[in-house]
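Asks:
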Amino acid sequence: MLDRRAFLEKSALLSALGFLPRAVRAEEYELDVARTALGAGPFRGRPCVVSSANGIKGVKLAYDRITGGTDTLDAIIGGVNLVELDPNDQSVGLGGLPNEDGVVQLDASCMHGPTRRAGAVGCLEDIATPSLVAKAVMDYTTHVLLVGRGARKFALAMGFTPQNLLTEKSRQDWLRWKSRLNPNDNWLDHDDNVKINWTHGTINMNAVNAAGDVSSVTTTSGLAWKLDGRLGDSPIHGAGQYADNDIGAAGSTGLGEINIKACGGFLTVEFMRNGATPEEAALKTLERMVHVTEPRLLDDKGRPRYDIQVYAVTKDGRFGGATMYEGASFAVCDEKGARLEKCAFRYKNTERPR
Ligand code: ASP
2 MLDRRAFLEK SALLSALGFL PRAVRAEEYE LDVARTALGA GPFRGRPCVV
52 SSANGIKGVK LAYDRITGGT DTLDAIIGGV NLVELDPNDQ SVGLGGLPNE
102 DGVVQLDASC MHGPTRRAGA VGCLEDIATP SLVAKAVMDY TTHVLLVGRG
152 ARKFALAMGF TPQNLLTEKS RQDWLRWKSR LNPNDNWLDH DDNVKINWTH
202 GTINMNAVNA AGDVSSVTTT SGLAWKLDGR LGDSPIHGAG QYADNDIGAA
252 GSTGLGEINI KACGGFLTVE FMRNGATPEE AALKTLERMV HVTEPRLLDD
302 KGRPRYDIQV YAVTKDGRFG GATMYEGASF AVCDEKGARL EKCAFRYKNT
352 ERPR
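Under our numbering, the sequence shown is numbered contiguously, ending at residue 355.
And the structure:
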């Protein structure tokens, strides 16, 4: 056992080296006590928004709204709406690449940390902003997830305007895919060792405000040319995204089938709960993803034949992102402004299976 003097000397040294939390000021402590009494949890926040790289404009919009007092979930949904409504982004909302029948089917989910609520929609057709419909499920029903015809009916009842989401560019891409005898579809070929090229994209965005309240949202058109009715990870809480107001929020882009099996959003938050930094947590989740991958999706060295990314933010405003293969970036906005940062990676680009 250390005596008191040795303990104090050691603490001072560790603190100076940055290993111990800085002392909490009296007024912060009082605020903590008051917030805890209200059930709101202690204050530790620093506003920060983190997303997949395609959210570079959205993180700025969300950050400005959060620092202006807007709720974290409303702010990040505003951020992803920019991408959902952009007809040139073929991975989300309007202009998203369709399924094998040429129909755009959208998935989205969200979680609101402070009120511990969640909403989601899957295989939603004709509505450009599934993230808002997911939030409406959260705000106006006792359910958490609506899919297909029911999700569309609900959206119309809530006043969303239906529209044709298949842009001419996406229709042409689909026709080109259709017109080829293409072995790289989503059906398993039992005769061949098929090389699979997935066409995908999604936006995941996570945020924390100065009060330490967190939220998360993920929205997508899913894998291009997917089977009718296929749900990816994006509408699944704990996979495509997850927020726990005690810890932080996390989400993912990339091959959803793997992320569903790894429960990536939930797992990343749990790693952070156990002390990992956001980047460490994201890398550990990628490791788990490799672990749950079936052999047909691994090369002879056990390396995945797919790519996937994880993004995370903590309640105290730390953030990070990681990707399976070197090269991907993520978007972040904090007091230093909006920027792209390189994701940590599990495998070098040169290790990518051919
Ligand atoms: N995760 C999405 C899905 O599987 C696709 C992607 O992020 O690229 O639906």
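Cβ atoms here follow ideal geometry from the backbone N, Cα and C, with glycine treated the same way.
Only a predicted model underlies this, so the values are computations on that prediction, with no experimental measurement involved.
1. Report the start-end ranges of each beta strand (DSSP E) in the stretch 189-275 that is 3 residues or longer and not cut off at the edges.
2. Determine the DSSP secondary structure at A339, reduced to helix, strand or coil.
3. Determine the extent of the beta strand (DSSP E) in which H113 is found, giving its start and end residues.
4. If we count Cβ pairs, one from each stretch, closer than 8 Å, do we get three or more for the stretch 309-323 versus the stretch 253-263?
5. Using the Cβ count rule (16 or more neighbours within 10 Å means buried), how would you classify T162?
6. On the DSSP letters alone, give me the boundaries of the alpha helix (DSSP H) that L173 sits inside.
7. Looking at C-alpha atoms only, which residue of R347, L341 and V209 is the closest neighbour of R304?
8. Can the beta-carbon of S110 be found closer than 9 Å to that of T219?
9. L125 and D108: beta carbons closer than 9 Å?
10. G69 and L167: beta carbons closer than 9 Å?
11. Would you list, in sequence order, the uninterrupted alpha helix (DSSP H) runs of no fewer than 4 residues that lie entirely inside the stretch 79-150?
12. Tell me the rounded alpha-carbon separation between G79 and D301.
13. Rounding to the nearest angstrom, what Cα-Cα distance links Q242 and V333 in this structure?
14. Going straight from the alpha carbon of L224 to that of H238, what length do you get?
15. Report the residue ranges of all alpha helix (DSSP H) runs contained in full by the stretch 54-82; include only those spanning at least 4 residues, in chain order.
16. Return the Cβ separation of I204 and N55 in integer angstroms, given the expectation that the two are a contact with Cβ distance under 8 Å.
17. Pull up the CB-CB distance for V293 and K262, whole angstroms please, since I reckon it's below 8 Å.
18. Could you tell me which residues DSSP pairs with V333 in its beta bridges?
19. Over what stretch of residues does the alpha helix (DSSP H) that includes A283 continue unbroken?
Replies: Looking at the coordinates:
1. 204-209, 215-221, 242-245 and 249-255
2. strand
3. L107 to H113
4. yes
5. exposed
6. Note that residue 173 is Gln in the sequence shown, not Leu. From DSSP, the alpha helix (DSSP H) with Q173 extends over E169 to S180.
7. R347
8. yes
9. yes
10. no
11. 131-141
12. 44 Å
13. 16 Å
14. 18 Å
15. 57-68
16. 5 Å
17. 4 Å
18. V51 and R340
19. P279 to H292
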